[in-house]
Amino acid sequence: MKKIAFITFLLFIIAFVPLRNNFAETMFKDNFKDPNNWEYISDNVMGGVSSGKVKYQNNNAILSGDVSTENNGGFIQIRLNLEKVDLRNAKSIKLIAKGNEQKYFVHLRTTGTFLPWQYYQSEFSVAKEFKEFILPIENFKRSGSLMIRKVNPSKIKSIGLVAYGRDHKAELVIKEIGFIN
């Protein structure tokens, strides 16, 4: 009888413990209800000629413009300061976005990214309909070799949504972005 109870207990553990790990907890989420939290930045700050804008409509952020690599430029972005957010247990970034079927990037800056051109990035490609993306923080790539190889989530100080690296028209609509564990 004890053997049957023990086997039943083991089967219960095997069946239900993995389910717990499939439900990520949201640690931080922004759905653009307060656009004052976000800052628009372009390569104009360093002599680039990209042009763009961000507008907020129906609790979506819409980043649009022309990205140009002329004059050593090549980006437009919106950035959110996260210095007061506890992200030490963050494992992934979750975002819901759509756009003009182009490739975009999420940039993370940390307390160790001192220079303006230092960041960690991950890419995602949007379609015409909203899609959810899960970007594991451990997969973010550093922008230079003088940086720590992997992102320490407790050191994240900002997140950016970026049209970057090539001449193209940007049209990125973001419904939600957040950190999950």
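Quick note, the sequence shown lines up with residues 863 to 1043 if you use this note's numbering.
Cβ atoms here follow ideal geometry from the backbone N, Cα and C, with glycine treated the same way.
For residue i, count neighbouring Cβ atoms within 10 angstroms of its own Cβ and tell me buried if that reaches 16, exposed if not.
i: TRP979; result: exposed
i: THR888; result: exposed
i: PHE894; result: buried
i: THR972; result: buried
i: PHE976; result: exposed
i: ILE1010; result: exposed
i: ILE996; result: exposed
i: ASP892; result: buried
i: LYS946; result: exposed
Taking only the alpha-carbon atoms, compute the straight-line gap between residue i and residue j and give it to the nearest angstrom.
i: HIS969; j: GLU991; result: 23 Å
i: ILE1052; j: SER1007; result: Here the chain has residues from 863 to 1043 only, and residue 1052 is not among them.
i: ASN958; j: THR931; result: The amino acid at residue 958 is misidentified as Asn; the sequence shows Ile. Rounded to the nearest angstrom, the two C-alpha atoms are 27 Å apart.
i: ASN962; j: ALA989; result: 6 Å
i: ILE940; j: PHE890; result: 17 Å
i: PHE986; j: LEU1034; result: 11 Å
i: LYS956; j: ASN933; result: 33 Å
i: VAL911; j: GLU994; result: 31 Å
i: SER913; j: GLU901; result: 15 Å
i: GLY935; j: LEU942; result: 21 Å
i: TYR981; j: LEU944; result: 14 Å
i: PHE937; j: VAL916; result: 13 Å
i: SER954; j: GLN983; result: 13 Å
i: LEU873; j: ASN1043; result: The predicted model places LEU873 with a pLDDT of 49, which falls under 50 and marks its position as unreliable, so this point remains unresolved.
i: HIS1030; j: VAL929; result: 5 Å
i: ASN883; j: LYS960; result: Below a pLDDT of 50, predicted positions are generally treated as unreliable, and ASN883, at 47, falls in that range; the measurement from the model is reported next regardless. The alpha-carbon atoms of ASN883 and LYS960 are separated by roughly 28 Å.
Measure how close the beta-carbons of residue i and residue j come, nearest whole angstrom, since I'm counting them as under 8 Å.
i: ALA952; j: PHE885; result: About 15 Å; that fails the 8 Å criterion.
i: LEU949; j: PRO1015; result: 5 Å
i: GLU1000; j: LYS1017; result: Their Cβ separation, rounded to whole angstroms, is 14 Å, which puts GLU1000 and LYS1017 out of contact at 8 Å.
i: LYS1037; j: ASN899; result: No, LYS1037 and ASN899 are not in contact; Cβ-Cβ is about 15 Å, not under 8 Å.
Under 8 Å between C-beta atoms, does residue i make it to chain D?
i: ILE924; result: Looking at the structure shown, chain D is missing, and only one protein chain is on hand.
Touching by the beta-carbon criterion (3+ pairs, under 8 Å), the segment 958-969 and the segment 1018-1031: Output reads yes: the segment 1018-1031 touches the segment 958-969.
Any 3 or more C-beta pairs closer than 8 Å across the segment 999-1006 and the segment 899-907: These segments do not touch.
Any beta strand (DSSP E) of 3 or more consecutive residues that is wholly inside the segment 957-1022: Here the runs fully enclosed are 965-972, 982-987 and 993-998.
Sequence ranges, beta strand (DSSP E) only - wholly within the segment 929-956, length at least 3: The qualifying runs are 937-943.
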